[in-house]
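Below is one structure; the comments refer to it alone.
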Amino acid sequence: MEDSKLREIVIDALDDLKGESISCLEVGHLTSITEVMIVVTGRSSTHIKSLADNVVRKVKESEIKVVGIEGRQQSEWVLVDIGGVVVHIMLASVRALYNLEELWSFEKPLPSS
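With my numbering applied, the sequence shown corresponds to residues 61 to 173, in that order.
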């Protein structure tokens with residue numbers, strides 16, 4: 061399945077349960093790990109678990125394999141790896157601390173010295 065279709069499935073799953081501030085980052089030119097990162101805020105640990113569960117359910121309904129899920133026990137930051145798309149579901153405080161959007165959006169290479 062194309063990454064754009066997978067991205068739509070994930071965003072719809074997050075929208076279904078009112079995920080907040082959904083951000084989609086094209087990172088394929090920066091890493092070989094994935095093509096797209098989606099970052100979303102959950103209101104509570106319970107909300108984060110529900111968002112992750114809904115993403116997994118919708119992806120599996122589309123007959124796509126989920127590569128892995130990390131952080132489900134702590135539920136401040138859950139990562140769902142779907143291969144071409146990686147989803148970061150975070151509490152607002154954790155999202156502000158790590159600021160993944162800024163981390164992955166640099167345009168110029170860092171100086172080597």
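Glycine included, C-beta positions come from ideal geometry on N, C-alpha and C.
What three-state label does DSSP hand residue i in the structure shown?
| i | result |
| --- | --- |
| THR106 | helix |
| VAL126 | coil |
| VAL87 | coil |
| LEU160 | helix |
| GLU68 | helix |
| SER135 | coil |
| SER92 | coil |
Does the beta-carbon of residue i have 16 or more other beta-carbons within 10 angstroms, so that it is buried, or is it exposed?
| i | result |
| --- | --- |
| GLU167 | Confidence at GLU167 is low in this model, with a pLDDT of 49, below 50, so its placement is unreliable and no value can be given for it. |
| ALA112 | buried |
| LEU66 | buried |
If residue i and residue j are in contact, beta carbons under 8 Å, what's the gap, nearest whole angstrom?
| i | j | result |
| --- | --- | --- |
| VAL70 | VAL147 | 6 Å |
| VAL140 | VAL154 | About 15 Å separates the two Cβ atoms, so there is no contact after all. |
- Task: Please confirm if the segment 67–80 is in contact with the segment 102–117, defined as three or more CB-CB distances below 8 Å between the two stretches.
- Result: yes
- Within the chosen definition, does the segment 127–134 reach the segment 92–100 through at least 3 CB pairs nearer than 8 Å? no
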